[in-house]
Amino acid sequence: MSETVRVRFAPSPTGYLHIGGARTAIFNYLYARHSGGRFLLRIEDTDRRRSRREYEQDILAALAWLGLEWDEEPLRQSARISRHREMVDALLESGAAFRCFVPLEKAERIKQAEMERGGINAFRSPDRELSAKQSQARADAGEPFAIRFRIPTLDVSFHDAVRGTVSTPAHTIDDFILMRRDGSPTYMTAVVCDDSDMGITHVIRGADHITNTPKQVLLYQALAAPVPEFAHVPLILGPDRKRLSKRHGAQALTEYREQGYLPEAVLSYLSTLGWSSGDDRELFTRDQLLENFTLAGINKASAVFDEQKLEWMNAQFMSQQPDERLQQMLRREFARRIMAGEIPHGTGPMLAKAVNVLKTRAHFPIDILDKGRYFFTDPELIEDRKAAKKRLKDPATPDRLEELANRYEKLSGFDEHSSEQALREYADELEVGAGKLIHPTRLAVSGVGSGPSLFAMLGALGKETVMRRLRTLARFLREHGTPPDLGDEDTDPPKLTA
RNA sequence: GGCGCGUUCGUUCAGCGGUUAGGACGCCGGCCUCUCACGCCGGAAACACGGGUUCGAGUCCCGUACGCGCUACCA
Numbered sequence: 370m371s372e373t374v375r376v377r378f379a380p381s382p383t384g385y386l387h388i389g390g391a392r393t394a395i396f397n398y399l400y401a402r403h404s405g406g407r408f409l410l411r412i413e414d415t416d417r418r419r420s421r422r423e424y425e426q427d428i429l430a431a432l433a434w435l436g437l438e439w440d441e442e443p444l445r446q447s448a449r450i451s452r453h454r455e456m457v458d459a460l461l462e463s464g465a466a467f468r469c470f471v472p473l474e475k476a477e478r479i480k481q482a483e484m485e486r487g488g489i490n491a492f493r494s495p496d497r498e499l500s501a502k503q504s505q506a507r508a509d510a511g512e513p514f515a516i517r518f519r520i521p522t523l524d525v526s527f528h529d530a531v532r533g534t535v536s537t538p539a540h541t542i543d544d545f546i547l548m549r550r551d552g553s554p555t556y557m558t559a560v561v562c563d564d565s566d567m568g569i570t571h572v573i574r575g576a577d578h579i580t581n582t583p584k585q586v587l588l589y590q591a592l593a594a595p596v597p598e599f600a601h602v603p604l605i606l607g608p609d610r611k612r613l614s615k616r617h618g619a620q621a622l623t624e625y626r627e628q629g630y631l632p633e634a635v636l637s638y639l640s641t642l643g644w645s646s647g648d649d650r651e652l653f654t655r656d657q658l659l660e661n662f663t664l665a666g667i668n669k670a671s672a673v674f675d676e677q678k679l680e681w682m683n684a685q686f687m688s689q690q691p692d693e694r695l696q697q698m699l700r701r702e703f704a705r706r707i708m709a710g711e712i713p714h715g716t717g718p719m720l721a722k723a724v725n726v727l728k729t730r731a732h733f734p735i736d737i738l739d740k741g742r743y744f745f746t747d748p749e750l751i752e753d754r755k756a757a758k759k760r761l762k763d764p765a766t767p768d769r770l771e772e773l774a775n776r777y778e779k780l781s782g783f784d785e786h787s788s789e790q791a792l793r794e795y796a797d798e799l800e801v802g803a804g805k806l807i808h809p810t811r812l813a814v815s816g817v818g819s820g821p822s823l824f825a826m827l828g829a830l831g832k833e834t835v836m837r838r839l840r841t842l843a844r845f846l847r848e849h850g851t852p853p854d855l856g857d858e859d860t861d862p863p864k865l866t867a
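Heads up: the first sequence runs through residues 370 to 867, numbered per our numbering.
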């Protein structure tokens with residue numbers, strides 16, 4: 370009871386941080402913070418051929434983006450090789466491990482043969498019974514060897530916080546390698562040594578490690594070190610029910626960030642993939658997660674990643690965000706578009722209005738810029754042929770748009786309210802439904818048939834802009850007819866301002 | 001092949017011996033409405049199969065099937 374929880378996330382920098390790794394990191398983080406413990410990082414960079422600094426940066430950046438703050442300086446596994454060797458030497462000394470002089474090819478042949486005759490028994494090195502003296506002599510003579518663990522005859526079992534007791538018959542476990550022929554420690558050696566030295570109390574990792582665990586438990590026991598608690602979290606599968614791999618599309622966390630996913634949404638979604646608070650909630654803030662997370666809430670079965678649901682969740686979080694936050698997120702892309710000439714200079718103040726009006730109908734921040742181009746620049750053409758055909762067919766439309774512009778011009782104060790009032794009054798005078806004016810006005814002002822409340826748009830756009838666009842469309846309709854002839858599907862429609 | 005783990009709507013998460021098997025995403029229909037979203041209301045949709053145990057089983061046990069993982073001198 371006295372010891373505080375210490376958990377670790379141990380990525381190997383041989384690729385970007387993916388959904389699966391991120392989820393494992395999240396569970397570790399949540400468990401640590403929930404129980405007032407520490408969340409540590411260990412970079413497993415001992416595969417020197419495949420490890421890259423660039424991936425390491427990506428992983429750290431992704432964790433930071435999710436807000437998974439780690440405690441203490443991350444431990445680099447490659448810096449601990451001499452410690453790993455020490456551990457293996459101690460094991461050799463105690464007899465828990467032995468030198469195996471069997472050449473690689475021969476060991477493979479033995480295993481192959483065993484597999485062919487049914488594969489009931491695991492690999493047992495013929496050298497496991499060599500006397501210490503013989504073993505030492507051959508080593509001294511310069512004969513190459515690997516160091517293997519001597520699997521005892523007792524079966525192994527361990528407790529898993531997710532699955533309960535997991536047992537494995539000892540005869541199915543290989544005399545696995547602790548130290549390669551070239552003197553480098555293997556994964557099995559490194560994890561146990563590091564977890565033990567780091568004082569890790571709970572090992573929370575992917576279910577693909579379940580079958581490694583008995584070997585590690587045996588190592589802890591041989592070392593007379595305390596065995597940590599294990600929790601193997603279900604794997605995340607792709608839509609094809611195969612384990613999520615780097616192959617299928619945008620799996621890297623940083624790519625989700627680029628696409629405009631909010632870290633809050635990703636955190637919430639990933640937390641509820643394979644874990645549940647026990648009730649029906651599924652939108653969680655970080656604080657709610659920290660409060661509710663328990664290992665007991667983790668599921669056993671693997672889960673399929675559903676991007677559609679993530680997207681929905683993103684939209685949920687989007688509409689809850691303060692406008693300033695969204696503006697902030699958009700700033701860079703907004704500046705880029707201005708530089709690229711896609712958005713006119715001086716339209717910065719419109720961004721706030723676009724965000725405010727559009728955020729509840731956007732799934733991603735970028736949608737606000739894409740769907741809301743008309744906030745910043747006059748529509749150049751009517752892209753929406755269907756809407757044009759349906760809403761601009763009345764021959765009276767050009768005159769009405771013109772007249773509406775004139776009425777707006779006379780308004781002393783122009784805002785959401787007064788623009789609506791004036792339009793409805795005019796519609797009443799004409800004895801037509803307000804829709805007869807609303808739809809053409811929407812097309813005039815935005816160039817598209819769908820969007821936010823018209824009057825919210827008018828208010829945001831301001832009198833001058835609205836009048837200009839109304840008159841532009843009126844002129845265009847007089848020139849191109851009602852409904853306007855917009856040409857073929859595959860050619861661009863004519864410009865509004867010729 | 002061997003060993004391990006798993007199996008509730010298409011997906012996800014509830015259910016922890018007695019429920020009309022619930023919520024969410026997606027899908028379909030309706031309401032709201034100036035359109036599109038949002039929101040609200042409603043609908044279709046699941047306990048892999050077979051044996052037990054029990055008065056009673058989605059819930060406990062065993063088997064089968066299927067899926068996934070591991071089976072490296074990778075991590």
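Even glycine gets a Cβ: it sits at the ideal position worked out from N, Cα and C.
Whole-angstrom distance between residue j and residue i, CA atom to CA atom
i: R754; j: A634; result: 36 Å
i: E858; j: E752; result: 10 Å
i: V457; j: L631; result: 45 Å
i: S371; j: G568; result: Confidence in S371 is poor, its pLDDT being 43 and thus under 50, which makes the residue's placement too unreliable to answer from.
i: D543; j: N668; result: 30 Å
i: S536; j: F514; result: 31 Å
i: L679; j: Q696; result: 22 Å
i: A774; j: M826; result: 15 Å
i: L460; j: S565; result: 15 Å
i: S526; j: V602; result: 18 Å
i: E660; j: T555; result: 38 Å
i: A465; j: M557; result: 14 Å
i: R478; j: V471; result: 11 Å
i: V374; j: I707; result: 50 Å
i: T519; j: G629; result: Rather than Thr, the amino acid found at residue 519 in this sequence is Arg. Their backbone Cα atoms lie some 52 Å apart in a straight line.
i: P608; j: K480; result: 35 Å
i: A430; j: T623; result: 8 Å
i: M548; j: D496; result: 15 Å
i: L839; j: D747; result: 11 Å
i: G511; j: S646; result: 59 Å
i: G710; j: E772; result: 33 Å
i: A391; j: D427; result: 12 Å
i: G406; j: A594; result: 20 Å
i: L499; j: S553; result: 22 Å
i: R705; j: H714; result: 11 Å
i: G856; j: G818; result: 18 Å
Element boundaries [beta strand (DSSP E), containing residue i]
i: V376; result: 375 to 378
i: S546; result: This sequence places Ile at residue 546; Ser is not what is there. I546 -> beta strand (DSSP E) spans 546 to 548.
i: A600; result: 598 to 602
i: S815; result: From DSSP, S815 is part of no beta strand (DSSP E) but of the alpha helix (DSSP H) over 804 to 815.
i: V531; result: Premise fails: V531 is in no beta strand (DSSP E) and is neither H nor E.
i: G575; result: 571 to 575
i: R421; result: Unbroken run through R421: none, as it is neither H nor E.
i: A466; result: 466 to 469
i: R411; result: 407 to 412
Whole-angstrom C-beta distance between residue j and residue i, which should lie under 8 Å
i: L399; j: F662; result: 4 Å
i: G436; j: R612; result: Incorrect: roughly 26 Å between the Cβ atoms, too far for contact.
i: R411; j: A379; result: 4 Å
i: D692; j: N725; result: 5 Å
Residue interval of the alpha helix (DSSP H) (run including residue i)
i: I516; result: No alpha helix (DSSP H) holds I516; the beta strand (DSSP E) holding it covers 515 to 518.
i: L658; result: 655 to 661
i: H786; result: 785 to 799
i: F396; result: 388 to 403
i: Y589; result: 582 to 592
i: T834; result: 832 to 849
i: D736; result: 734 to 740
i: S463; result: 450 to 463
Test item: CB-CB of residue i and residue j under 8 Å
i: W434; j: L409; result: no
i: D784; j: G741; result: no
i: K728; j: M698; result: no
i: L588; j: V561; result: yes
i: G816; j: I605; result: no
i: Y777; j: K832; result: yes
i: F745; j: I712; result: yes
i: F653; j: S671; result: no
beta-carbon residue i near the ligand NAP non-hydrogen atom, thresh 7 Å
i: H453; result: Within the structure as shown, the ligand NAP is missing, as the structure has no ligands at all.
Three or more C-beta pairs under 8 Å: does that hold for the segment 754 to 774 against the segment 799 to 812?
Segments in contact, yes.
At least 3 beta-carbon pairs within less than 8 Å: the segment 577 to 596 vs the segment 395 to 409
The segment 577 to 596 vs the segment 395 to 409: no contact.
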